[in-house]
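Take the sequence shown: its letters are residues -16 to 235, numbered as in the working numbering.
Where is the CB? At the ideal position from N, CA and C, for every residue including glycine.
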Amino acid sequence: MKTVIIEDETIAAQALQKLINEIDAQIEVIAVLETIEESIDWFESHKMPELIFADIHLADGSSFAIFEQTDITCPVVFTTAYDEYALKAFEVNSIDYLLKPINKDDLERALNKFKTLTKPVNNKENVASLVTQLETLQKKYKTCFLIPERDKLIPLATNNIACIFIDLKTVKAISLDGRHYYMNQTLDELMGQLDPTVFFRANRQYIISRSSVKDISIWFGNKLSLNLTVEVPEKIIVSKARVSEFKTWFSE
């Protein structure tokens, strides 16, 4: 079996290759690639290997870029320094992860999983699925905004935001202690920067945080009215169509 290692740390690559040889001498490492550019060039000019070991973080960026720019059709085992608990969510058929520092038992488990593959046609889909999920995990949400105020920048921690809303075409935030801040981004832009497990787009005018919800009233037409711990200019109504989504989000 021919395999490729994508790893920019020489010692780590050598250690992985040694472990592979100890577990299965029939596995041949045909290339050790260190950068995104080198990897793309290699895959464009060589036959696809049967398995790839790819470190997520390379010196010139994320190895996800390789999969975005080349047509990888073989299984991939990612290596990463991510928290082991979080990574368990990303175990899928034919693809595994190895948490650094890599140990022999984990590597053997990954190779055994690879050997159980019977439908190579699904490998490309598995790679795309894992890449998408790991990219989501990698995404960094805002922990603080710097709000311009005259000749100063005022820090506003996201865990201190009760809600963000549109008031007369102006976007404002209210902190949990009731202070108002002017934001220079749209609600759509802000929602993309906020952790969706903490913030919810209640309607076109309001983004609310879970910690700001004091109680919830049943409103006309099976809608919900959200009552916050801070005063807001108008009632915050969740439409009937989004009630189920809101309840799921709030109870997570």
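Item to check | Own chain, CB closer than 8 Å to Ser222, minus 5 neighbours either side, in chain order | outcome: Residue 222 sits at position 239 when you count from the first residue of the sequence shown. Contacts found: Asn186, Lys206.
Checklist entry - What is the residue span of the beta strand (DSSP E) that Lys155 lies within? => result Indexing the sequence shown from 1 puts residue 155 at position 172. Here the beta strand (DSSP E) through Lys155 covers 153 to 158.
Item to check | Reference Ile(-6), options Ile149, Leu209, Ile85, closest by Cα | outcome: For the purposes of this step, residue -6 is identified with residue 11 of the sequence shown, where counting begins at 1. Closest option to Ile(-6), Cα to Cα, is Ile85.
Item to check | Pair within 8 Å by beta-carbon distance, Ile3 and Leu90 | outcome: Here residue 3 refers to the residue found at position 20 when the sequence shown is read from its first residue. Here residue 90 refers to the residue found at position 107 when the sequence shown is read from its first residue. Yes, Cβ-Cβ distance for Ile3 and Leu90 is below 8 Å.
Item to check | Whole-Å CB distance - Thr(-14) paired with Phe36, under 8 Å assumed | outcome: Working through the sequence shown from its first residue, we reach residue -14 at position 3. Working through the sequence shown from its first residue, we reach residue 36 at position 53. With a Cβ gap of about 7 Å, Thr(-14) and Phe36 count as contacting.
Checklist entry - Among residues of its own chain, excluding the 5 on either side of Ala42, which ones have a beta-carbon nearer than 8 Å to its beta-carbon? => result Your numbering for residue 42 matches position 59 in the sequence shown. So the list reads Asp(-9), Glu17, Thr18, once near-sequence residues are dropped.
Next on the checklist: Using the three-state DSSP reduction, which class does Asn4 fall into: helix, strand or coil?
Outcome noted: Residue 4 sits at position 21 when you count from the first residue of the sequence shown. Reduced to three states, the DSSP call for Asn4 is helix.
Item to check | alpha helix (DSSP H) segment containing Ser227, residue limits | outcome: Here residue 227 refers to the residue found at position 244 of the sequence shown. That run of the alpha helix (DSSP H) goes 226 to 233.
Checklist entry - In three-state DSSP terms, what is Asn210? => result For the purposes of this step, residue 210 is taken as the residue at position 227 of the sequence shown. Asn210 falls in the strand class under three-state DSSP.
Next on the checklist: What does DSSP give as the partner residue(s) for Pro177 in the beta ladder?
Outcome noted: On the sequence shown, residue 177 is found 194 positions in, with the first residue counted as 1. The sequence given here places Leu at residue 177; Pro does not occur at that position. DSSP, once it has assigned bridges, lists no residue as partnering Leu177.
Checklist entry - When the Cα atoms are used, what is the spatial distance from Thr63 to Ser46? => result Residue numbering aside, residue 63 sits at position 80 when the sequence shown is read from its first letter. Residue numbering aside, residue 46 sits at position 63 when the sequence shown is read from its first letter. Their Cα atoms are separated by approximately 11 Å.
Checklist entry - In chain order, what residues of the same chain have a beta carbon less than 7 Å from the beta carbon of Pro179, not counting five sequence neighbours either side? => result For this step, residue 179 is matched to residue 196 along the sequence shown. Here the set comprises nothing.
Next on the checklist: Assuming contact is defined by CB atoms lying nearer than 8 Å, are Met166 and Val181 in contact in what I supplied?
Outcome noted: For the purposes of this step, residue 166 is identified with residue 183 of the sequence shown, where counting begins at 1. For the purposes of this step, residue 181 is identified with residue 198 of the sequence shown, where counting begins at 1. No, they are not a contact pair.
Item to check | For Ala(-2), three-class secondary structure by DSSP | outcome: For the purposes of this step, residue -2 is taken as residue 15 along the sequence shown, with counting starting at 1. Note: Ala(-2) maps to helix in three-state DSSP.
Checklist entry - So, are the CB atoms of Ile10 and Met31 less than 8 Å apart? => result Along the sequence shown, one-based indexing puts residue 10 at 27. Along the sequence shown, one-based indexing puts residue 31 at 48. No.
Next on the checklist: For Pro138, which residues in the same chain have their Cβ closer than 7 Å to its Cβ, ignoring the five residues on either side in sequence?
Outcome noted: Counted from its first residue, the sequence shown places residue 138 at position 155. Excluding residues within five positions, the ones whose Cβ falls inside 7 Å are Cys127, Leu129.
Item to check | Check whether Val213 and Ile157 have beta carbons under 8 Å apart | outcome: As a first step, residue 213 is located in the sequence shown; it is residue number 230 there, counting from the start. As a first step, residue 157 is located in the sequence shown; it is residue number 174 there, counting from the start. Cβ distance < 8 Å, so Val213 and Ile157 count as in contact.
Checklist entry - Roughly how many angstroms separate the alpha carbons of Lys87 and Lys1, rounded to a whole number? => result As a working note, residue 87 is residue 104 in the sequence shown. As a working note, residue 1 is residue 18 in the sequence shown. Going from the Cα of Lys87 to the Cα of Lys1 covers about 10 Å.
Checklist entry - Which one or two residues does DSSP pair with Gly44 in a beta bridge? => result Taking the first residue of the sequence shown as 1, we reach residue 44 at position 61. Beta-bridge pairing links Gly44 to Leu41.
Checklist entry - Per DSSP, Glu11 forms a beta bridge with which residues? => result As a working note, residue 11 is residue 28 in the sequence shown. Note: Glu11 sits in a beta bridge opposite Lys(-15).
Item to check | Ile233 to Ile13 span [Cα, whole Å] | outcome: In the sequence shown, residue 233 corresponds to position 250, counting from 1. In the sequence shown, residue 13 corresponds to position 30, counting from 1. As written in the sequence, residue 233 is Phe, which differs from the Ile given in the question. Looking at the two C-alpha atoms, the distance is approximately 50 Å.
Checklist entry - Of the choices Ala48, Leu211, Ile219, whose alpha-carbon is the least far from that of Ile149? => result Counted from its first residue, the sequence shown places residue 149 at position 166. Residue Ile219 is the option with its Cα nearest to Ile149.
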